[in-house]
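**Student:** For the sequence shown, the numbering used here begins at 46 and goes up steadily by one.
Got a structure for you, written out below as structure tokens; questions coming shortly.
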Amino acid sequence: MKTIVCSILFMLTSVMACTQETKDNFPLVPSKTKSISSVPFLTKQNDFIYVDKISLKPVSKQKFRNASLFTPTGFAVVENEKNEYGVIDERGKIVLDFSASAIGLNVVDGLTFYKKNIEYEKKMPVWKWDWNIMGSGIKKEQTYHKIEIGVVESQQILLNEDIPYLEENYYLNFVSVDEKHLFWNGNIYEIKKGHLNKIENGITELLENKRFIKGSNTSFSIYGLGQKKALHKELKGTETLSIRFGKETIMLKEVNKERYDPEVPKLLADSKTQDIYPFPQYEKVFPKEITKATASQIDFIKKTSLVYSITNSPYFLLGVFNYDHDIWAYDWLYIDTKGNVTDSIGTYNFKVLDQVGNVVWPDRKMILPSQFVDKNWKFGKINSYHSMNDLYLIPIEDEKQLRTKGLWNRSKNIWEIKPEYNDISVLDTDEHIYALQKEKDGLYMLYDNKNKRNIGSKMYNSINSDGLVSIKRSSGESTYYYIDIYSGKEYKEQ
């Protein structure tokens, strides 16, 4: 069941507490996804205990200052009375010792990855002192992170580094390549008996179909997993693309130009064949000649500033920015690998996002046709998360400058959730569970869009996709605890 975290990109890290126990030896075997029957339960004493999620009966006598849900592999982060963090299994046994380092967990391919992170002040050598000429003293220390990332099941440490606070950070963004391989931090690892063995490094970008890009200075090569010979090598980044039409050569400049240079250029050119491979998957060659096009289409192509390869299809998307719109927008054409230009194509499951994740293609007119639009409406950036398919969150401003959001179904041309809400948070895309906020700074309620009904009667200051909610007490302080987002059941002592 797929869920989306409300505060995209990273989940809120829950922290917790536990009575100290002797650490047992942990077996060197990978966990498997299991049915988790216990959840953290907030008591009247503001402690967390784990209870059976059906009967609410305690499953152990342990008390925690804070506690997270168990991962699908059976691990949870806990915080003890000393404000130290550790990881326990479902039996309450400590599998990562308590320390002052905050801990995050992430599960990929049945393995549980952890990240420990703590800030501290590090004494610097005299040549790195910060001499304040305004007379406020000399800063002899600098803030650093101590970061450790590893595998819970095997206790394998993949990274252990101290880095300046404002410099590079590391995340638990592991990606499954296939059932035996993972990609992380520029490396591909092979999984053997729960242990990760590095088999490829220096990877600039992971692509689909077990392919990846390696970069060296300004040259790039594309490889397949397990293949020592490059599929394409000596590729150079370019913003120029030429294409012939009859006797004319159309030269496009500043194609896919960005404010800052991307790690991998959006167009890669083969220095020998002059073949051009466009992003995002660089899987096919852009045609060198237009074989079929109208005069108006040729005029359009001459102004093209965006080229995008539509994967699992023979088509490329061509975009021309339309400066007549009140908001950023593109007009579109398509060309296939044989050079045939067309105004429209069949249905393909792809989206083009801008640098901050907003939907560029399909654009607003494709998603929400003009006949369904009030003439006084203005639109903000449209969003659609993974697995939402033809559902889009659309922000609208009316003639009174009231800003609301709605959930639009592109295939049915209907509002699944009318634009009557200040905010709509996506909690579970598969089960169509949302959190709705009617007014600005108001409370959120759970909503089941599949069955068109509210879930439960309680409302909260915030609702996270894992069920972590917050309420404000009369003192103004916030209380956090868990609920079941599918039933509204609260895991809290009444």
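All C-beta atoms in this analysis are idealised placements derived from N, C-alpha and C, irrespective of residue type, glycine included.
1. For PHE361, which option in ILE346, PRO307, SER350, TYR379 has the closest C-alpha, if you only look at C-alpha atoms?
2. Enumerate in chain order the residues of its own chain whose CB-to-CB distance from VAL60 is below 7 angstroms, with the five nearest sequence positions on each side excluded.
3. Measure the beta-carbon distance from GLN201 to LEU241 and round it to whole angstroms, keeping in mind my assumption that it falls under 8 angstroms.
4. Give the straight-line distance between the Cα atoms of ARG518 and LEU436, rounded to the nearest whole angstrom.
5. Runs of 4 residues minimum, wholly inside the stretch 241-308: which ones carry the alpha helix (DSSP H) assignment?
6. What residue range does the alpha helix (DSSP H) around ALA340 cover?
7. Alpha carbons only, please: which of TYR430, GLU126, GLY384 is nearest the one belonging to ALA338?
8. Please check the pair LEU150 and PHE120, which I expect to be a contact at CB under 8 angstroms, by giving their CB distance rounded to whole angstroms.
9. Can you look up VAL197 in the DSSP assignment and give me helix, strand or coil?
10. Can you tell me whether DSSP reads MET169 as helix, strand or coil?
11. Taking DSSP as the reference, what is the three-state secondary structure of GLN416?
12. Spell out the partners DSSP gives ASN499 in its beta bridges.
13. Excluding the 5 residues flanking ASN246 on each side, which residues of the same chain have their C-beta closer than 7 angstroms to its C-beta?
14. Quick one, are the C-beta atoms of ILE267 and TYR189 less than 9 angstroms apart?
15. If you count every other CB in all the chains shown that lies within 10 Å of the CB of TRP172, and 16 or more means buried, which is it?
16. Whole angstroms is fine: what's the gap from GLU535's alpha carbon to ILE133's?
17. Apart from the five residues on each side of it in sequence, which residues of its chain come closer than 7 angstroms, Cβ to Cβ, to ILE343?
18. Please work out which residues of its chain come closer than 7 angstroms, Cβ to Cβ, to ILE528, disregarding the five sequence neighbours upstream and downstream, and give them in chain order.
19. According to the neighbour-count rule (16 or more other Cβ atoms, all chains shown, within 10 Å of its Cβ), is TYR305 buried or exposed?
20. Which residues in the same chain as LYS463 place their Cβ atom closer than 8 angstroms to its Cβ, once the five residues preceding and following it in sequence are excluded?
21. Which residues in the same chain have their Cβ closer than 6 angstroms to the Cβ of TYR531, if we skip the five residues on either side of it in sequence?
22. Give me the residue from GLU198, LYS168, PHE331, LEU252 with the minimum Cα distance to PRO325.
23. In the DSSP assignment, find the beta strand (DSSP E) that holds GLU465 and state where it starts and stops.
24. Which residue from SER144, LEU114, VAL140, THR118 puts its Cα closest to that of GLU126?
25. Is the separation between the beta-carbon of ILE17 and that of ASN403 shorter than 9 angstroms?
26. Taking Cβ to Cβ, would you say LEU204 is nearer than 9 angstroms to TYR215?
27. According to DSSP, is ASP411 helix, strand or coil?
28. Among the residues of its own chain, which have a CB less than 6 angstroms from the CB of LYS184, if the five just before and after it don't count?
29. Just curious, the beta strand (DSSP E) that LEU363 is in, first and last residue?
30. Would you give the residue range spanned by the beta strand (DSSP E) that PHE228 belongs to?
31. Check whether the Cβ atoms of LEU276 and PHE331 sit closer than 9 angstroms, and answer yes or no.
32. Can you tell me which of GLU444, ALA374, ASN421, THR382 puts its alpha carbon nearest to the alpha carbon of MET411?
33. Name the two residues that bound the continuous beta strand (DSSP E) containing LEU513.
34. Note the first and the last residue of the continuous beta strand (DSSP E) segment covering VAL96.
35. Exposed or buried, what is PHE417 when buried is set at 16 or more other beta-carbons lying within 10 Å of its beta-carbon?
**Tutor:** In this structure, then:
1. The count along the sequence shown starts at 1 and reaches residue 361 at position 316. Considering only alpha carbons, the answer is TYR379.
2. The residue given as residue 60 occupies position 15 in the sequence shown. Bear in mind that the predicted position of VAL60 carries a pLDDT of just 28, short of 50, making it unreliable; the figure below should be weighed with that in mind. Closer than 7 angstroms at the Cβ level, and outside the excluded window around VAL60, lie ASN111, VAL122, GLU124, TYR130, ALA147.
3. On the sequence shown, residue 201 is found 156 positions in, with the first residue counted as 1. On the sequence shown, residue 241 is found 196 positions in, with the first residue counted as 1. Indeed, because the Cβ distance is near 6 angstroms, the residues count as touching under 8 angstroms.
4. For the purposes of this step, residue 518 is taken as residue 473 along the sequence shown, with counting starting at 1. For the purposes of this step, residue 436 is taken as residue 391 along the sequence shown, with counting starting at 1. Their Cα atoms are separated by approximately 36 angstroms.
5. none
6. Counted from its first residue, the sequence shown places residue 340 at position 295. From DSSP, the alpha helix (DSSP H) with ALA340 extends over 340-346.
7. For the purposes of this step, residue 338 is identified with residue 293 of the sequence shown, where counting begins at 1. Taking only the C-alpha atoms, the option nearest ALA338 is GLY384.
8. For the purposes of this step, residue 150 is taken as the residue at position 105 of the sequence shown. For the purposes of this step, residue 120 is taken as the residue at position 75 of the sequence shown. Right, their Cβ atoms sit about 6 angstroms apart.
9. The residue given as residue 197 occupies position 152 in the sequence shown. Correct three-state label for VAL197: coil.
10. Position 124 of the sequence shown, counted from the first residue, corresponds to residue 169. Residue state, collapsed to three classes: coil.
11. Locating residue 416 in the sequence shown gives position 371, where the first residue counts as 1. Correct three-state label for GLN416: helix.
12. Residue 499 sits at position 454 when you count from the first residue of the sequence shown. DSSP lists TYR492 as partners of ASN499.
13. Within the sequence shown, residue 246 is the residue found at index 201, counting from 1. Answer for ASN246: GLY231, ASN232, listed in chain order.
14. Residue mapping note: residue 267 aligns to position 222 of the sequence shown, counting from 1. Residue mapping note: residue 189 aligns to position 144 of the sequence shown, counting from 1. Contact flag unset, no.
15. Within the sequence shown, numbered from 1, the residue matching residue 172 stands at position 127. Result: exposed.
16. The sequence position of residue 535 within the sequence shown is 490, counting from 1. The sequence position of residue 133 within the sequence shown is 88, counting from 1. One C-alpha to the other measures close to 23 angstroms.
17. Your numbering for residue 343 matches position 298 in the sequence shown. Answer for ILE343: PHE290, listed in chain order.
18. Position 483 of the sequence shown, counted from the start, is the residue given in the question as residue 528. Closer than 7 angstroms at the Cβ level, and outside the excluded window around ILE528, lie GLY512, VAL514, LYS534, GLU535, TYR536.
19. In the sequence shown, the residue the question calls residue 305 occupies position 260. Label assigned to TYR305: exposed.
20. Taking the first residue of the sequence shown as 1, we reach residue 463 at position 418. The residues are GLY451.
21. Along the sequence shown, read from residue 1 onward, the residue named residue 531 stands at position 486. For TYR531, where only same-chain residues beyond five positions count, there are no Cβ hits under 6 angstroms.
22. If you number the sequence shown from 1, residue 325 lands on position 280. When only C-alpha atoms are compared, the closest one is LEU252.
23. As a working note, residue 465 is residue 420 in the sequence shown. Looking at the DSSP string, the run of the beta strand (DSSP E) that includes GLU465 is 459-466.
24. In the sequence shown, the residue the question calls residue 126 occupies position 81. The shortest Cα separation from GLU126 among SER144, LEU114, VAL140, THR118 belongs to SER144.
25. One cannot answer for residue 17 here, as it falls past the ends of the chain, which runs 46 to 539.
26. Residue 204 sits at position 159 when you count from the first residue of the sequence shown. Residue 215 sits at position 170 when you count from the first residue of the sequence shown. Yes, they are a contact pair.
27. Against the sequence shown, residue 411 aligns to sequence position 366. First, the residue type needs correcting, since residue 411 is Met and not Asp in the sequence shown. Note: MET411 maps to helix in three-state DSSP.
28. As a working note, residue 184 is residue 139 in the sequence shown. Contacts found: ASP175.
29. What you label residue 363 is simply residue 318 of the sequence shown in a count that begins at 1. Unbroken beta strand (DSSP E) run through LEU363: 360-366.
30. To locate residue 228, count along the sequence shown from 1; it is residue 183. Note, PHE228: beta strand (DSSP E), 226-229.
31. Within the sequence shown, numbered from 1, the residue matching residue 276 stands at position 231. Within the sequence shown, numbered from 1, the residue matching residue 331 stands at position 286. Result no, Cβ atoms of LEU276 and PHE331 do not sit closer than 9 angstroms.
32. Indexing the sequence shown from 1 puts residue 411 at position 366. When only C-alpha atoms are compared, the closest one is ALA374.
33. To locate residue 513, count along the sequence shown from 1; it is residue 468. Per DSSP, LEU513 belongs to the beta strand (DSSP E) from 513-517.
34. Your numbering for residue 96 matches position 51 in the sequence shown. Note, VAL96: beta strand (DSSP E), 93-97.
35. The residue labelled residue 417 in the question sits at position 372 within the sequence shown. Exposed, by the Cβ-count rule.
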